[in-house]
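Chemist: Residue numbers (our numbering): 3 to 418. We put the CB at the ideal spot given by N, CA and C, even for glycine.
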Ligand SMILES: [Zn+2]
């Protein structure tokens, strides 16, 4: 079976230009003694918006690895795929994020529900998870509710997994199951029974992305109850440990945190808990490399700054359209968005400091940042103009990309 390693990091790269700059951060982590596996992820939605192909992501990863001499393992993740769109990824990916969020709440057939109930009847009463002090009360009603909520979704995950395995061969790819793009969080008990069903259905899940408590908005900090998050996150870690033994799941199974970049207020909690329990983690950044490109352009002289400003101006005009596909994962305060005419007067550093995520920086503006985050469609419309500005200013742009990953993320999470 393919092995992802203890620590892995999903690095989205909208325009597939920053592979080497991203990889540099992993070299720096390795030099500091921490091995982190890079995973280039891109969803079908992103490919469609930018008009790229899964082959482009594979090419970017292979070239970056070859040209830098990276000797560690690396993966290309078909992010948030389903049965309808997975086929175009099959040849180019060795990591598949099977997204079954849309199937939560659909009812499975009665026979499957009955089988689920009898398989799990032994956990009724007090469910004791080793390491968690208080047992969880599991009534027959609760089991039924969980079956009706999640069983169908796990069956769908199994269907998609089998489809991929039939084409790529068993053991030739990493399987992730994600349920994060929903409003309602899954609690540790639900996670336990989701894993029970995935185990029964033969899905060798190696990373699982539940919806955690609180809001994981794209590219900005966590919003929610940090203490409650920590409590549930620790319980999730222990649930996974127990589930591996109970359901015969891969020993490498670990949590995957989606929209995981920039969650600076929970990083110390995650860092402490994975160290305490000696656990691995997969963190998916939310395509924030593209924001570093915009910061780099803003710092690259008048012409590039003016392009960055035009992209913002268009994103501002078309904000409704751009935000629509991301409604559950962004939270933009309209009143905090600067008008394009105001932004027009900004200096390089004003633009960069408003966009760059430095907590507590007086100019940092999370609404501005989130709107630009979803505005990559506009940059895609600038097509070659955008890409050629990136190439002309590759040094300063790449520096932003590397510093963001290494300094603001690896540092906080892995103590490098
Ligand atoms: Zn996700």
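Around the C-beta of residue 230, are 16 or more other C-beta atoms found within 10 angstroms, so that it is buried, or is it exposed?
Modeler: With fewer than 16 other Cβ atoms within 10 Å, it is exposed.
Chemist: Ligand 1 and residue 253: does any heavy atom of the ligand fall closer than 8 Å to the residue's C-beta?
Modeler: Incorrect: residue 253 has no Cβ contact closer than 8 Å to ligand 1.
Chemist: Let me make sure I understand the geometry here. Which of 302, 217, 235, 137 has the alpha-carbon closest to that of residue 264?
Modeler: Selected option, being the one with the closest Cα: 217.
Chemist: Closer than 8 Å to a non-hydrogen atom of ligand 1 - does that hold for the CB of residue 286?
Modeler: Yes; taking the cut-off as 8 Å, the Cβ of residue 286 has a heavy atom of ligand 1 nearer than that.
Chemist: Can you check the region 151-228 for any alpha helix (DSSP H) of at least 4 residues that lies completely inside it and give the ranges in chain order?
Modeler: Taking only runs of at least 4 residues, the alpha helix (DSSP H) segments lying wholly in the region 151-228 are 154-170, 190-202.
Chemist: Throw me the rounded Cβ distance for the residue 324 and residue 315 pair, which I believe falls under 8 Å.
Modeler: In fact, because the Cβ distance is near 13 Å, the residues do not count as touching under 8 Å.
Chemist: For residue 80, which beta-bridge partners are listed by DSSP?
Modeler: Residue 80 is bridged to 44, 98.
Chemist: From residue 146 to residue 12, what does the alpha carbon distance come to, in whole angstroms?
Modeler: Computed Cα separation, rounded: 35 Å.
Chemist: Check whether the Cβ atoms of residue 19 and residue 285 lie closer than 9 Å to each other.
Modeler: No.
Chemist: Relative to the alpha-carbon of residue 98, which residue among 150, 167, 154 has its alpha-carbon at the smallest distance?
Modeler: That would be 167, whose Cα lies nearest to the Cα of residue 98.
Chemist: In three-state terms, what does DSSP make of residue 283?
Modeler: Looking at residue 283 - three-state DSSP - the assignment turns out to be strand.
Chemist: Helix or strand or just coil, what does DSSP make of residue 21?
Modeler: Looking at residue 21 - three-state DSSP - the assignment turns out to be helix.
Chemist: When you measure from the CB of residue 183 to every non-hydrogen atom of ligand 1, does any distance come out below 8 Å?
Modeler: Result yes, Cβ under 8 Å from ligand 1.
Chemist: Write down the C-beta distance between residue 106 and residue 181 rounded to the nearest angstrom, noting that I regard them as a contact closer than 8 Å.
Modeler: That pair is a contact at about 6 Å.
Chemist: Is the beta carbon of residue 294 less than 9 Å from the beta carbon of residue 228?
Modeler: Cβ atoms of residue 294 and residue 228: not closer than 9 Å.
Chemist: Put residue 128 into one of helix, strand or coil per three-state DSSP.
Modeler: Strand.
Chemist: Can you name, in chain order, every residue of its own chain whose Cβ lies under 8 Å from the Cβ of residue 47, other than the five neighbours on each side?
Modeler: Cβ neighbours of residue 47 beyond the five flanking positions: 82, 327.
Chemist: On the three-state DSSP scale, how would you describe residue 139?
Modeler: Residue 139: strand per DSSP, three-state reduction.
Chemist: Nearest to residue 387 by CA position, among 68, 335, 17, is which residue?
Modeler: Minimum Cα distance to residue 387 is reached at 17.
Chemist: From this set, 205, 153, 77, which residue's C-alpha is nearest residue 172's C-alpha?
Modeler: Among 205, 153, 77, the Cα nearest to that of residue 172 belongs to 205.
Chemist: Use the C-beta contact count for residue 334: other C-beta atoms within 10 angstroms, 16 or more gives buried, fewer gives exposed.
Modeler: Buried, by the Cβ-count rule.
Chemist: In chain order, what residues of the same chain lie with their CB nearer than 7 Å to the CB of residue 426, ignoring the 5 residues before and after it?
Modeler: Nothing can be reported for residue 426: it is not among the residues displayed for the chain, which extend from 3 to 418.
Chemist: What is the DSSP secondary structure of residue 373, reduced to helix, strand or coil?
Modeler: If DSSP states are grouped into helix, strand and coil, residue 373 belongs with the helices.
Chemist: Do you know how far the Cα of residue 290 is from the Cα of residue 69?
Modeler: Answer to the nearest angstrom: the Cα atoms are 23 Å apart.
Chemist: Residue 67 and residue 159: beta carbons closer than 9 Å?
Modeler: It is not a contact, given that the beta carbons lie outside the stated cut-off.
Chemist: Within 10 angstroms of the Cβ of residue 65, are there 16 or more other Cβ atoms? Answer buried if so, exposed if not.
Modeler: Exposed, by the Cβ-count rule.
Chemist: With hydrogens ignored, establish whether the beta-carbon of residue 199 is closer than 8 Å to any heavy atom of ligand 1.
Modeler: No.
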